[in-house]
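Our numbering applies: residue 2 is where the sequence shown begins, and numbers increase by one.
Beta carbons: idealized from backbone N, C-alpha and C, even for Gly.
Please read the structure below before turning to the comments.
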Amino acid sequence: MSSPCVAIFDIGKTNKKLLVFNQDYQIVYQKQTPFEEIPDDDGFHGDDLQLLTNWMIDSLAELLNEGRFTIKALNFSAYGASFVHVDAEGKPVTPLYNYLKTFPFELQQRFNDHYGPELEWAANTASPVLGMLNSGMQLYWLKYQKPDKFWQIEHSLHLPQYASYLFTKRAVSEITSVGCHTGLWDYKQRKYHRWVFDEAFHSLGQMVLPSFVTSPALANPDMQVGVGIHDSSAALVPYLRVFGQEPFLLISTGTWCITMNPFSKDELTIGELRQDCLSYLTYRSDAVKASRLFAGNEHERAVKHLSEYFGTELSHYQRVSFDESLLLSLRSRFRQASPEHVQLGTLQDSTFSERNLNEFTSYEEAYHQLIMDLMAQQIASVKLAKGTTDVKRIFVDGGFSRNEIYLHLLAQAFPESEVLASEIAQASALGAALVIEEAWNKEKPFDGSLFTLKKTVYTEL
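Right, here's the structure in full:
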């Protein structure tokens, strides 16, 4: 019989993955599937919940039937701000609504009249006012916009916990999902905010559990199933395990670029909340000061536009090297955005969106300017999360960890800290495996040997 392994479903907005880690935390199996979004009952596109559900059930069954691995445990990492609402029979009542869906202005005003001032509510829940990105507001919207649906709901489960529910039929909530800009959790009182009780959200009555809890799979009692974890909190777990002895920042880059500071002692201010600075909760239920930027999304849109304009392959940006002379030329020719004056906030594009591509002589030139404009926002965002913390290291993982221009500009902005491009395979999935380590891998604790760190040498321009 093979040694124990853990299977992890890592559910992102773009790609859905099933991975298997062995006891040395090496990936021994990986299956990745892109999903097309479909319109919900209002015509707004989002994930196909039925397809996702079937894919998870079928993919695990296929893996177990192969018999190549001894799967002792199963867990889930998934994006936040998304509820699956199930009825008394465990069937979804609504589509999986996209967190980018517009929240009605009139309903926001009604909420503010009852529970405002809104920034006081935001401060108590460590959640910027984000509409549908506050998953609690999705429940509020359902109650008043779709009451026939709302009253059918037995349990409202954040996406990681719905994934767990599929294999255990155990309806629970979990601390990192409840604590990620949901507007539900009172950070000072360490419980649901009073508005949750005032609105009688019966579907949130299930227990709020820590991330490390497991229970037997319904169809396979020998396999322990975790309760799932919010992906950003999961990505932080390996770093806390290995580098948690001294203060660091982690910039997790993907669709969102999220700067996380698990060592901050600063309280969130109203000004920070307005700039999309918030708090997460770690798997240990500790507050993490974090700032968010939709930079990965803008980068994706911009490189598509650049490839069309300059007639290059979509992936051409991956071959653009850092060019110091090009940066100096751009700074002399164009007005540059200042980190002190950039606009931050929900889905706020950088200055690049306003630039005329006719002014650039090459793809390389335009791409350098794109990263410079994104970096002006990124520097401001990092400073928000950093606050007064004396940070020794800044780790960058995800897509931008392989971007020379991004890393050099970051190192120039923070010369007092080491900037380290961090390569660790599937950080969110690995974090989901680590939080349930006791259930499947007591013999070989994670030692951090899988990290590949590359220091970015600071260059004075």
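Subject >> Terminal residues of the beta strand (DSSP E) in which M261 lies >> reply: Along the sequence shown, read from residue 1 onward, the residue named residue 261 stands at position 260. C258 to N262 is the span of the beta strand (DSSP E), which, as asked, contains M261.
Original post:
Assuming N135 and G184 make a contact with CB atoms under 8 Å, what is their CB distance in whole Å?
Top reply: For the purposes of this step, residue 135 is taken as the residue at position 134 of the sequence shown. For the purposes of this step, residue 184 is taken as the residue at position 183 of the sequence shown. The Cβ separation is near 4 Å, so the contact holds.
Subject >> Residue(s) in a DSSP beta bridge with E175 >> reply: The sequence position of residue 175 within the sequence shown is 174, counting from 1. BP columns for E175 point to L210.
**OP:** Can you give me the start and stop residues for the beta strand (DSSP E) that H86 sits inside?
**Re:** Start at 1 with the first residue of the sequence shown, and residue 86 comes out as number 85. Start and end: F84 to V87.
Subject >> Within 9 Å, strictly: CB atoms of A414 and I372 >> reply: Looking up residue 414 in the sequence shown gives position 413. Looking up residue 372 in the sequence shown gives position 371. No. Outside cutoff.
Original post:
H231 bridges to which residues according to DSSP?
Top reply: For the purposes of this step, residue 231 is identified with residue 230 of the sequence shown, where counting begins at 1. Answer is A79, bridged to H231.
Subject >> Assigned secondary structure, E419 (DSSP; H/G/I helix, E/B strand, else coil) >> reply: Mapped onto the sequence shown, residue 419 falls at position 418. In this structure, E419 counts as strand in the three-state DSSP scheme.
Subject >> Inter-stretch contact (C-beta, 8 Å, three-pair minimum) for the region 147 to 157 and the region 77 to 94 >> reply: yes
Subject >> Residues bridged to V7 (per DSSP) >> reply: Numbered from 1 along the sequence shown, position 6 holds the residue referred to as residue 7. In DSSP, V7 forms a bridge with F22 and A74.
Subject >> Limits of the unbroken beta strand (DSSP E) element including D149 >> reply: As a working note, residue 149 is residue 148 in the sequence shown. Element bounds for D149: not the beta strand (DSSP E) but the alpha helix (DSSP H), P148 to F151.
**OP:** Rank L237, Y240, V289 and L282 by C-alpha distance to the C-alpha of N262 and give the top, closest one.
**Re:** Taking the first residue of the sequence shown as 1, we reach residue 262 at position 261. The shortest Cα separation from N262 among L237, Y240, V289 and L282 belongs to V289.
**OP:** From the DSSP output, in three-state form, read off E155 for me.
**Re:** Taking the first residue of the sequence shown as position 1, residue 155 is located at position 154. Coil, per DSSP.
Original post:
Counting pairs of Cβ atoms below 8 Å between the region 2 to 14 and the region 22 to 40, do you hit three or more?
Top reply: yes
Original post:
Applying the criterion that 16 or more other CB atoms from any shown protein chain within 10 Å of the CB defines a buried residue, is N66 buried or exposed?
Top reply: Taking the first residue of the sequence shown as position 1, residue 66 is located at position 65. Classification for N66: exposed.
**OP:** Answer yes if the region 167 to 179 comes into contact with the region 272 to 291, meaning at least three C-beta pairs across the two stretches below 8 Å, and no otherwise.
**Re:** Three or more Cβ pairs drawn from the region 272 to 291 and the region 167 to 179 lie within less than 8 Å of each other, which places the two stretches in contact.
**OP:** Excluding the 5 residues preceding and the 5 following G137 in the sequence, name in chain order all residues of the same chain whose CB lies nearer than 6 Å to its CB.
**Re:** In the sequence shown, residue 137 corresponds to position 136, counting from 1. Answer for G137: T183, G184 and L185, listed in chain order.
Original post:
Under the three-state reduction of DSSP, which class applies to Y1: helix, strand or coil?
Top reply: As displayed, the chain neither begins before 2 nor continues past 462, which places residue 1 out of reach and without an answer.
Subject >> Reduced DSSP secondary structure (H/G/I, E/B, other) of H1 >> reply: This structure cannot speak to residue 1, because the chain is shown only from 2 to 462.
**OP:** Along the alpha helix (DSSP H) that carries T169, what are the first and last residues, could you check?
**Re:** In the sequence shown, residue 169 corresponds to position 168, counting from 1. Residue range L160 to T169 is occupied by the alpha helix (DSSP H) that includes T169.
Original post:
For the region 358 to 402, which segments carrying the alpha helix (DSSP H) assignment without a break, of at least 4 residues, lie completely within its bounds, in sequence order?
Top reply: Those alpha helix (DSSP H) runs which fall completely within the region 358 to 402 and span 4+ residues are 364 to 387.
Subject >> Cβ pair L205, V85 closer than 9 Å >> reply: Locating residue 205 in the sequence shown gives position 204, where the first residue counts as 1. Locating residue 85 in the sequence shown gives position 84, where the first residue counts as 1. No. Outside cutoff.
Subject >> One or two residues paired with F249 in a DSSP bridge >> reply: Along the sequence shown, one-based indexing puts residue 249 at 248. R394, per the DSSP bridge assignment.
Original post:
Which one or two residues does DSSP pair with I279 in a beta bridge?
Top reply: To locate residue 279, count along the sequence shown from 1; it is residue 278. Here the sequence assigns Leu to residue 279, which means Ile is not the residue at that position. L279 is bridged to A291.
Original post:
What residue from Q276, A291, G255 and S330 has the CA that sits closest to D267's CA?
Top reply: The residue you call residue 267 lines up with position 266 of the sequence shown. The residue with the shortest Cα to Cα distance from D267 is A291.
Original post:
Who are K144's beta bridge partners in DSSP?
Top reply: If you number the sequence shown from 1, residue 144 lands on position 143. K144 is not bridged to any residue.
Original post:
Ordered along the chain, which non-local residues of its own chain (more than five positions away) have a Cβ less than 6 Å from that of L411?
Top reply: Residue mapping note: residue 411 aligns to position 410 of the sequence shown, counting from 1. Excluding residues within five positions, the ones whose Cβ falls inside 6 Å are V420.
**OP:** Rank A127, S83, V87 and L53 by C-alpha distance to the C-alpha of Q190 and give the top, closest one.
**Re:** Within the sequence shown, residue 190 is the residue found at index 189, counting from 1. When each option's Cα is compared against that of Q190, the closest is A127.
Subject >> Residue from E439, V392 and M376 whose Cα sits closest to the Cα of Y408 >> reply: Residue 408 sits at position 407 when you count from the first residue of the sequence shown. According to the sequence provided, residue 408 is Leu. The question's Tyr does not apply to it. Comparing Cα-Cα distances from L408 to each of E439, V392 and M376, the minimum goes to M376.
**OP:** Reducing DSSP to helix, strand and coil, say where N221 ends up.
**Re:** If you number the sequence shown from 1, residue 221 lands on position 220. If DSSP states are grouped into helix, strand and coil, N221 belongs with coil.
Original post:
Between L294 and Q378, is the Cβ-Cβ spacing less than 9 Å?
Top reply: Taking the sequence shown and counting its residues from 1, the one referred to as residue 294 is at position 293. Taking the sequence shown and counting its residues from 1, the one referred to as residue 378 is at position 377. Yes, Cβ-Cβ distance for L294 and Q378 is below 9 Å.
Original post:
Secondary structure at W186, three-state DSSP: helix, strand or coil?
Top reply: If you number the sequence shown from 1, residue 186 lands on position 185. W186: strand per DSSP, three-state reduction.
Subject >> Own chain residues within Cβ distance below 7 Å of E424, not counting five before or after >> reply: One-based indexing of the sequence shown puts residue 424 at position 423. Excluding positions up to five away in sequence, the list reads S402 and T453.
Subject >> Endpoints, the beta strand (DSSP E) within which Y30 is located >> reply: To locate residue 30, count along the sequence shown from 1; it is residue 29. Its beta strand (DSSP E) spans residues I28 to P35.
Subject >> C-beta contact flag for N229 and A79 at 9 Å >> reply: Walking along the sequence shown from the start, residue 229 turns up at place 228. Walking along the sequence shown from the start, residue 79 turns up at place 78. First, the amino acid is wrong: residue 229 is Gly here, not Asn. Yes, they are a contact pair.
Original post:
Does the beta-carbon of N404 have 16 or more other beta-carbons within 10 angstroms, so that it is buried, or is it exposed?
Top reply: The sequence position of residue 404 within the sequence shown is 403, counting from 1. Buried is the call here.
Original post:
Where R111 and P148 are concerned, what is the direct C-alpha to C-alpha distance, given to the nearest angstrom?
Top reply: Here residue 111 refers to the residue found at position 110 of the sequence shown. Here residue 148 refers to the residue found at position 147 of the sequence shown. Each residue's alpha carbon lies about 16 Å from the other.
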